[in-house]
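Novice: Take this structure first; my questions come after.
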Amino acid sequence: MVAGGSTLAVLIALFILIPLAPGWPAVKKSFFNGAVFAKTFPGLLDAFLLDVAIFAWSAPLIFFLGLLIALARDAHSPALYPVRLFGIVFTDVFRGVPVILVIYLVGFGVPGLGLPRPWNSPYIWGTVALVLTYSAYVAEVFRTGIESVHQSQRSAAASLGLSNADTMRYVVLPQAVRRVVPANMNLFIALQKDVALLSFIGPVEIFRQAGVYKSLMANFTPYVGAALIFLAITIPATRYADHLMARERRAKS
Amino acid sequence: MALLETRNLRKSFGENAVCRGIDLRIETGQMVCLIGASGSGKSTLLRCLNLLEPIDDGVILLDGDDISVPGLDPQPVRQRIGMVFQSFNLFPHMSAVENVMLAPRRVHNRSREELTGEVTALFQRFGLGDRMEHYPEQLSGGQQQRVAIVRALAMKPQIMLFDEITSALDPELVGEVLDVLRQLRGEGMTMVLATHEMGFARELADKVCFLDGGVILEEGPPEQLFSTPREDRTRAFLSRVL
Numbered sequence: 527m528v529a530g531g532s533t534l535a536v537l538i539a540l541f542i543l544i545p546l547a548p549g550w551p552a553v554k555k556s557f558f559n560g561a562v563f564a565k566t567f568p569g570l571l572d573a574f575l576l577d578v579a580i581f582a583w584s585a586p587l588i589f590f591l592g593l594l595i596a597l598a599r600d601a602h603s604p605a606l607y608p609v610r611l612f613g614i615v616f617t618d619v620f621r622g623v624p625v626i627l628v629i630y631l632v633g634f635g636v637p638g639l640g641l642p643r644p645w646n647s648p649y650i651w652g653t654v655a656l657v658l659t660y661s662a663y664v665a666e667v668f669r670t671g672i673e674s675v676h677q678s679q680r681s682a683a684a685s686l687g688l689s690n691a692d693t694m695r696y697v698v699l700p701q702a703v704r705r706v707v708p709a710n711m712n713l714f715i716a717l718q719k720d721v722a723l724l725s726f727i728g729p730v731e732i733f734r735q736a737g738v739y740k741s742l743m744a745n746f747t748p749y750v751g752a753a754l755i756f757l758a759i760t761i762p763a764t765r766y767a768d769h770l771m772a773r774e775r776r777a778k779s
Numbered sequence: 214m215a216l217l218e219t220r221n222l223r224k225s226f227g228e229n230a231v232c233r234g235i236d237l238r239i240e241t242g243q244m245v246c247l248i249g250a251s252g253s254g255k256s257t258l259l260r261c262l263n264l265l266e267p268i269d270d271g272v273i274l275l276d277g278d279d280i281s282v283p284g285l286d287p288q289p290v291r292q293r294i295g296m297v298f299q300s301f302n303l304f305p306h307m308s309a310v311e312n313v314m315l316a317p318r319r320v321h322n323r324s325r326e327e328l329t330g331e332v333t334a335l336f337q338r339f340g341l342g343d344r345m346e347h348y349p350e351q352l353s354g355g356q357q358q359r360v361a362i363v364r365a366l367a368m369k370p371q372i373m374l375f376d377e378i379t380s381a382l383d384p385e386l387v388g389e390v391l392d393v394l395r396q397l398r399g400e401g402m403t404m405v406l407a408t409h410e411m412g413f414a415r416e417l418a419d420k421v422c423f424l425d426g427g428v429i430l431e432e433g434p435p436e437q438l439f440s441t442p443r444e445d446r447t448r449a450f451l452s453r454v455l
């Protein structure tokens with residue numbers, strides 16, 4: 527009741543105060559133009575399908591590469607130290623560089639080698655850039671999950687004569703992966719948004735398409751439309767991740 | 214020849230010397246109980262026996278084979294030595310029957326179909342016939358610990374190690390787990406127990422070893438060790454726990 531009342535008061539204030547700002551009529555015309563919105567929205571939705579497609583083929587690659595890197599970082603035998611070192615360097619480097627820089631470097635750099643079609647496609651190298659960056663984050667999440675499985679589980683598996691590989695595959699990983707589903711969901715929501723960064727190296731996805739409309743119509747409303755489309759996906763996904771996390775916390779306590 | 218034997222087994226964790234030269238002999242079919250205060254080295258000794266902890270010095274002989282040589286593959290050894298832990302350590306994401314079948318399937322390459330008969334028989338033998346499809350969280354502590362015992366037995370070990378397996382149980386559940394041990398004892402299983410259940414040790418053990426300060430200070434048949442201990446420290450320990 528109190529919450530509802532105060533929310534209402536804030537909303538009313540916003541609706542009254544913002545239009546009082548001196549620049550409001552101009553902003554309204556160039557950002558919230560109903561006619562432009564109606565005209566461009568179908569085209570934006572169409573372009574968004576490309577974002578969804580890039581996300582859809584990147585996500586499984588990120589999942590598996592992230593898992594591999596996490597396993598590499600868990601290699602404890604001295605003979606496998608190079609593997610472990612590779613895992614450490616990989617996560618350090620790709621978590622340490624802004625996504626957009628990786629996209630530029632890979633997306634412009636590799637095709638610059640003069641590769642023949644289709645190997646110079648920005649779709650391929652843009653995807654590679656996203657996969658490299660995001661699998662570094664996902665690997666760290668998996669590693670946290672692996673470390674959260676108590677040592678006694680490994681002892682029990684070892685005492686039964688299971689190999690290290692079987693212990694990881696049947697005992698540790700199934701528990702680890704389940705525990706980090708919410709954390710990974712958050713990363714994949716971020717990925718869905720970052721797909722738009724690929725527009726900088728070529729693909730006409732929603733952000734680029736919005737830019738095209740903006741130039742054609744001299745109006746910023748298409749950007750608002752694009753933002754609404756992203757929100758329509760990310761808000762439900764975020765709520766769902768929160769729900770999973772709350773459930774995880776309840777299960778623990 | 215002893216089935217399992219240690220000579221001068223030493224193990225330290227950093228500066229902390231936990232086992233300071235342990236000589237232990239377990240004959241086939243014997244039940245040996247390790248008693249002693251917490252921190253006296255009982256659990257560490259058991260973990261060393263199935264190579265969960267590498268030892269610093271000494272030898273461990275299983276059926277006459279030195280299993281403590283550096284670089285030895287521990288897996289085949291562990292398949293011959295079953296172990297049950299204080300905290301059960303069942304795999305929480307698997308049903309009881311999957312817990313039991315995992316190692317035979319992966320290590321012995323046997324199929325579920327092949328295993329069903331003998332695994333079902335094992336569950337029934339220990340009164341768990343109607344609990345096979347349950348997940349660990351759906352079982353009481355006593356049931357979980359019995360499943361853990363069944364899981365170790367399914368590998369058909371030559372010897373079983375029990376690390377204070379009733380210490381984490383509510384008092385009313387201790388009995389059902391001890392009954393399983395009694396049953397195994399009757400079937401002639403070779404067993405080593407780290408335990409605080411003095412009454413049980415006295416009733417069933419062939420030999421009781423009192424560990425103190427990382428060595429076996431005194432050992433002998435239970436009636437002798439419990440009624441006429443030779444060492445002052447044994448007497449002091451027993452007067453505290455009995």
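These protein sequences, in sequence, are chains P and A.
The working numbering runs 526 ahead of the 1-based position in the first sequence.
The working numbering runs 213 ahead of the 1-based position in the second sequence.
For each residue, glycine too, the CB sits at the ideal point set by N, CA and C.
1. Indicate whether threonine 241 of chain A and threonine 403 of chain A have their beta-carbon atoms separated by less than 8 Å.
2. Can you check whether the C-beta of tyrosine 663 of chain P is within less than 8 Å of a C-beta belonging to chain A?
3. Output, in chain order, the set of chain P residues within a Cβ distance shorter than 7 Å of alanine 316 of chain A.
4. Identify, in the order they occur along the chain, each residue of the same chain with its Cβ nearer than 7 Å to the Cβ of valine 657 of chain P, setting aside the five sequence neighbours on each side.
5. With DSSP run on the structure shown, which of helix, strand or coil describes glutamate 432 of chain A?
6. So, is the C-beta of asparagine 263 of chain A closer than 8 Å to a C-beta in chain P?
7. Is any beta-carbon of chain A found at less than 8 Å from that of tyrosine 696 of chain P?
8. Taking the runs of the alpha helix (DSSP H) that are 4 residues or longer, which of them lie wholly in the stretch 309 to 333 of chain A?
9. For leucine 380 of chain A, which option in A/Val428, A/Glu410, A/Gln371 and A/Ala367 has the closest C-alpha, if you only look at C-alpha atoms?
10. State the start and end residues of the unbroken alpha helix (DSSP H) segment that holds glycine 640 of chain P.
11. Along chain P, which residues have their Cβ under 7 Å away from the Cβ of serine 256 of chain A?
12. In this structure, does DSSP put asparagine 690 of chain P in helix, strand or coil?
13. Spell out the partners DSSP gives serine 225 of chain A in its beta bridges.
14. Count the other C-beta atoms from every protein chain shown that fall within 10 angstroms of the C-beta of tryptophan 550 of chain P, then say buried if there are 16 or more, exposed otherwise.
15. Buried or exposed: where does aspartate 572 of chain P fall if 16 or more other Cβ atoms within 10 Å of its Cβ makes it buried?
16. Give the residues of chain A in contact with alanine 582 of chain P, contact being defined as C-beta atoms less than 9 Å apart.
17. Please list, in chain order, the chain A residues whose beta carbon lies closer than 8 Å to that of serine 678 of chain P.
18. Considering Cα atoms alone, identify which of P/Phe634, P/Ser661 and P/Leu639 is closest to proline 648 of chain P.
19. By the criterion of Cβ-Cβ separation under 7 Å, what are the contact partners of valine 320 of chain A in chain P?
20. Could you tell me the distance, in whole angstroms, from the CA atom of proline 608 of chain P to the CA atom of alanine 596 of chain P?
21. Regarding arginine 669 of chain P and the ligand GDP, is the C-beta to nearest heavy atom distance less than 7 Å?
22. Quick check on serine 256 of chain A: buried or exposed, where buried means 16 or more other Cβ atoms within 10 Å of its Cβ?
23. How about phenylalanine 339 of chain A and arginine 359 of chain A: do their beta carbons lie closer than 8 Å?
24. Smallest Cα separation from phenylalanine 298 of chain A: which of A/Val454, A/Ile273 and A/Val405?
25. Are three or more beta carbon pairs between the stretch 342 to 361 of chain A and the stretch 302 to 314 of chain A nearer than 8 Å?
26. Between the alpha carbons of threonine 333 of chain A and alanine 367 of chain A, how many angstroms are there, rounded?
27. If we ignore side chains and look at the alpha-carbon of each, how far apart do valine 245 of chain A and lysine 420 of chain A end up?
28. Give, in chain order, every residue of the stretch 571 to 605 of chain P whose Cβ lies closer than 8 Å to some Cβ of chain B.
29. Would you mind sorting glutamate 666 of chain P into buried or exposed? The rule is 16 or more other CB atoms within 10 Å of its CB.
30. Determine the DSSP secondary structure at glycine 295 of chain A, reduced to helix, strand or coil.
31. What do you reckon, are the CB atoms on glycine 249 of chain A and phenylalanine 450 of chain A nearer than 8 Å?
32. As a quick exercise: from A/Ile362, A/Pro349, A/Asp383 and A/Ile268, pick the residue whose alpha carbon is nearest that of glutamine 396 of chain A.
33. May I ask you to report which of helix, strand or coil DSSP gives glutamate 444 of chain A?
34. With a cut-off of 8 Å on the beta carbons, I'd call isoleucine 239 of chain A and leucine 217 of chain A a contact; round off their distance for me.
35. Counting only the same chain and skipping the five closest in sequence on each side, list residues whose C-beta sits under 6 Å from that of valine 632 of chain P.
36. Let's see if you can read the secondary structure: which residues bound the beta strand (DSSP E) around lysine 420 of chain A?
Specialist: Let me spell this out:
1. yes
2. no
3. Leu686, Gly687 and Leu688
4. Ser584, Leu587, Ile588 and Leu591
5. strand
6. yes
7. yes
8. 309 to 321
9. Before going on, a small fix: residue 380 of chain A reads as serine here, not leucine. Of the listed residues, the one whose Cα sits closest to serine 380 of chain A is A/Glu410.
10. Glycine 640 of chain P -> no alpha helix (DSSP H), and no H or E assigned at all.
11. Within 7 Å Cβ-Cβ: nothing; serine 256 of chain A doesn't reach chain P, min ~11 Å.
12. helix
13. A/Ala230
14. exposed
15. exposed
16. Those do not exist, as alanine 582 of chain P stays about 28 Å from chain A at its closest Cβ, beyond 9 Å.
17. Phe298, Ser300 and Asn302
18. P/Phe634
19. Gly687 and Leu688
20. 14 Å
21. The ligand content of the structure shown is nil, which means the ligand GDP is not present either.
22. buried
23. yes
24. A/Val405
25. yes
26. 10 Å
27. 5 Å
28. Protein chains P and A are contained in the structure displayed, whereas chain B is not.
29. buried
30. strand
31. yes
32. A/Ile362
33. coil
34. 4 Å
35. Trp651, Val654 and Ala655
36. 420 to 425
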